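Participant:
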Amino acid sequence: MDWVAELNARIDIQDAKYISMVFNTSRQWPADIDCSVINEVKQPFSALLKLHHAIHVEKAYGLLEQLSNGTIKHLGKEHWASCISKTIFYGIFQLRVPAGIRKISRLLYISHKALLQDCSSTFFYITNMLLETYRDTGELELAEDVFRNINPPVRKTREYFTFYFYKGVFALYSEMFEEAYTLFQIAFAYRRGQKTIAPFYFVSSLLTSRFPKYKYLQRFDCLYLLELACSIKKGAYSSINSGIDLAFANIQDYTIYRVLTIHCPLICLSNLMHQAYMDHGSDNKLEIQWIANAIGDSDLKETICLISNLISLGRIKGYISIAKMVVVLSRIDPFPSSVH
């Protein structure tokens, strides 16, 4: 593919006219553009994106990497460089393979840094791609560095909503559930992205004891969350793991699965205890044995550990009296995060 070397040479000498023709969508080339190197390819970059159908993916990927390296050095200096970098990185993402994700991440980070003072749509397009690679590799601290060092976009374009989506995802990963819920609310306003955002938005709802209506779960193809939502809301502790497994089978995100596995049983137990207190509690006390019986397959020691976690996380207010084997609940809002 000699035309890739030719294009890199044109990038080096900043031949903006030639470059713009390579990346345009028209099949017509002006007579004064020398196309001898690419006379077999009328749309060279578009053709490159299709190479993975005909040749080995890694080869097409390598050619794209050459182009990105040639373009990065001009980012922040030439307007055309930021424009074509979007197209190049889109191509890289189309062909990305797990083994190359960290290499992509490095290229994106260099571009992100080069455009840091720009804050254009191209900057946020590349930043959002960078955040996606951090999500793929589980590098939460690097994502946090990105969020600390930039201000969110101002214009409500696709990149604006995508940025808030990724910020919500990383807040969810970091177990900052209220913040995640607020960020997903902002992102969800982007109608074209709602089906992508919906599973994360609804999960953040459940983790903050908000329960999406059936019609919304159905509208956004998220009915697989219904069992989990019902189990949490009803305090049906025995069915909570089944609901978590069904959610994971559809969302396919191991970090989300970890978060659900840790927190959903606790929220469910909080609701179970709230209902038990309403039915059986007296003088702000609830017998631990009764809670263990309601859970089903939990002994007293395990039940005490679960209740201790609820208290430490602030999901219930009170303390455990081991001597009397009761939970003594606060008289003021003992279940701040349960369903009332």
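Numbering (this note's numbering), first residue to last: 8 to 347. For glycine and all other residues, C-beta sits at the position ideal for the given N, C-alpha and C. Just so you know, these numbers come straight off a predicted model, no measurement behind them.
Quick check on residue 331: does DSSP put it in helix, strand or coil?
Facilitator: Against the sequence shown, residue 331 aligns to sequence position 324. Residue state, collapsed to three classes: coil.
Participant: Return the residue from the list 253, 235 and 124 that minimises the CA-CA distance to residue 159.
Facilitator: Residue mapping note: residue 159 aligns to position 152 of the sequence shown, counting from 1. Closest option to residue 159, Cα to Cα, is 124.
Participant: With distances taken Cα to Cα, identify the nearest neighbour of residue 279 among 259, 258, 303 and 267.
Facilitator: Numbered from 1 along the sequence shown, position 272 holds the residue referred to as residue 279. Ranking 259, 258, 303 and 267 by Cα distance to residue 279 puts 303 first.
Participant: Where residue 234 and residue 246 are concerned, what is the direct C-alpha to C-alpha distance, given to the nearest angstrom?
Facilitator: Taking the sequence shown and counting its residues from 1, one reaches residue 234 at position 227. Taking the sequence shown and counting its residues from 1, one reaches residue 246 at position 239. If you take the alpha carbons of residue 234 and residue 246, they lie about 8 Å apart.
Participant: Using a Cβ-Cβ cutoff of less than 6 Å, which residues in the same chain neighbour residue 253 once the five nearest sequence positions on both sides are dropped?
Facilitator: Against the sequence shown, residue 253 aligns to sequence position 246. So the list reads 231 and 234, once near-sequence residues are dropped.
Participant: With distances taken from CA atoms, which of 172, 186 and 272 is nearest residue 197?
Facilitator: Start at 1 with the first residue of the sequence shown, and residue 197 comes out as number 190. Checking every option, the nearest Cα to that of residue 197 belongs to 172.
Participant: Determine whether the beta carbon atoms of residue 215 and residue 185 lie at a separation below 7 Å.
Facilitator: Taking the first residue of the sequence shown as position 1, residue 215 is located at position 208. Taking the first residue of the sequence shown as position 1, residue 185 is located at position 178. Yes, Cβ-Cβ distance for residue 215 and residue 185 is below 7 Å.
Participant: Once DSSP output is grouped into helix, strand and coil, what is the label at residue 289?
Facilitator: On the sequence shown, position 282 is the one that residue 289 refers to. Correct three-state label for residue 289: strand.
Participant: I'd like the ranges of any alpha helix (DSSP H) spanning at least 4 consecutive residues and lying wholly in the segment 125–172.
Facilitator: Entirely contained in the segment 125–172, the alpha helix (DSSP H) runs reaching 4 residues are, in chain order, 128–144 and 147–156.
Participant: Judging by CA-CA distance, which residue of 139, 93 and 316 is the nearest neighbour of residue 118?
Facilitator: Within the sequence shown, residue 118 is the residue found at index 111, counting from 1. Measuring from the Cα of residue 118, the nearest candidate turns out to be 93.
Participant: Tell me the DSSP secondary structure of residue 223 in three-state form.
Facilitator: Position 216 of the sequence shown, counted from the first residue, corresponds to residue 223. Helix, per DSSP.
Participant: Hey, out of 291, 283, 290 and 289, whose CA is closest to residue 299's CA?
Facilitator: Here residue 299 refers to the residue found at position 292 when the sequence shown is read from its first residue. Nearest option by C-alpha distance: 283.
Participant: Can you pull the DSSP bridge partners for residue 326?
Facilitator: Working through the sequence shown from its first residue, we reach residue 326 at position 319. 335.
Participant: Quick one: grab the DSSP three-state call for residue 182.
Facilitator: The residue labelled residue 182 in the question sits at position 175 within the sequence shown. It is coil, neither helix nor strand.
Participant: For residue 294, which residues does DSSP report across the bridge?
Facilitator: In the sequence shown, counting from the first residue as 1, residue 294 sits at position 287. Answer is 333, bridged to residue 294.
Participant: Taking just the CA atoms, how far does residue 239 sit from residue 112?
Facilitator: Sequence index remark: in the sequence shown, residue 112 carries index 105 (1-based). Sequence index remark: in the sequence shown, residue 239 carries index 232 (1-based). In a straight line, the C-alpha of residue 112 is about 38 Å away from that of residue 239.
Participant: Rounded to a whole number of angstroms, what is the C-alpha to C-alpha distance between residue 156 and residue 324?
Facilitator: Locating residue 156 in the sequence shown gives position 149, where the first residue counts as 1. Locating residue 324 in the sequence shown gives position 317, where the first residue counts as 1. Between residue 156 and residue 324, the C-alpha separation is close to 37 Å.
Participant: Determine the direct distance from the alpha carbon of residue 342 to that of residue 308, and round the result to whole angstroms.
Facilitator: Within the sequence shown, numbered from 1, the residue matching residue 308 stands at position 301. Within the sequence shown, numbered from 1, the residue matching residue 342 stands at position 335. Computed Cα separation, rounded: 22 Å.
Participant: Considering just the uninterrupted stretch of the alpha helix (DSSP H) at residue 98, what are its terminal residues?
Facilitator: If you number the sequence shown from 1, residue 98 lands on position 91. Residues 86–102.
Participant: Residue range of the alpha helix (DSSP H) that residue 310 falls in?
Facilitator: Looking up residue 310 in the sequence shown gives position 303. First-last of the alpha helix (DSSP H) with residue 310: 307–319.
Participant: Does the segment 102–110 come within contact of the segment 126–134, defined as at least 3 CB pairs closer than 8 Å?
Facilitator: The answer is no - the segment 126–134 does not touch the segment 102–110, with fewer than three Cβ pairs under 8 Å.
Participant: Considering only their Cβ atoms, is the gap separating residue 274 from residue 332 smaller than 7 Å?
Facilitator: The count along the sequence shown starts at 1 and reaches residue 332 at position 325. The count along the sequence shown starts at 1 and reaches residue 274 at position 267. The answer is no: Cβ separation not under 7 Å.
Participant: Alpha carbon to alpha carbon, what distance is there between residue 143 and residue 241?
Facilitator: Counted from its first residue, the sequence shown places residue 241 at position 234. Counted from its first residue, the sequence shown places residue 143 at position 136. If you take the alpha carbons of residue 241 and residue 143, they lie about 34 Å apart.
Participant: My assumption, with CB atoms under 8 Å, is that residue 292 sits in contact with residue 334. Please give the rounded CB distance.
Facilitator: The sequence position of residue 292 within the sequence shown is 285, counting from 1. The sequence position of residue 334 within the sequence shown is 327, counting from 1. So it is a contact: roughly 7 Å between Cβ atoms.
Participant: Note down, in chain order, each residue of its chain lying with its Cβ closer than 8 Å to the Cβ of residue 147, except the 5 sequence neighbours on either side.
Facilitator: Within the sequence shown, numbered from 1, the residue matching residue 147 stands at position 140. Same-chain partners within the cutoff: 141, 177, 180 and 181.
Participant: When burial is assigned at 16 or more other CB atoms within 10 Å of the CB, is residue 364 buried or exposed?
Facilitator: No answer is possible for residue 364: it lies beyond the span of the chain, which begins at 8 and ends at 347.
Participant: When the Cα of residue 108 is compared with those of 85, 121, 139 and 81, which residue comes out closest?
Facilitator: Along the sequence shown, read from residue 1 onward, the residue named residue 108 stands at position 101. Minimum Cα distance to residue 108 is reached at 139.
Participant: Quick check: what's the CA-CA separation for residue 88 versus residue 12?
Facilitator: The residue you call residue 88 lines up with position 81 of the sequence shown. The residue you call residue 12 lines up with position 5 of the sequence shown. Rounded to whole angstroms, residue 88 to residue 12 spans 17 Å at the Cα level.
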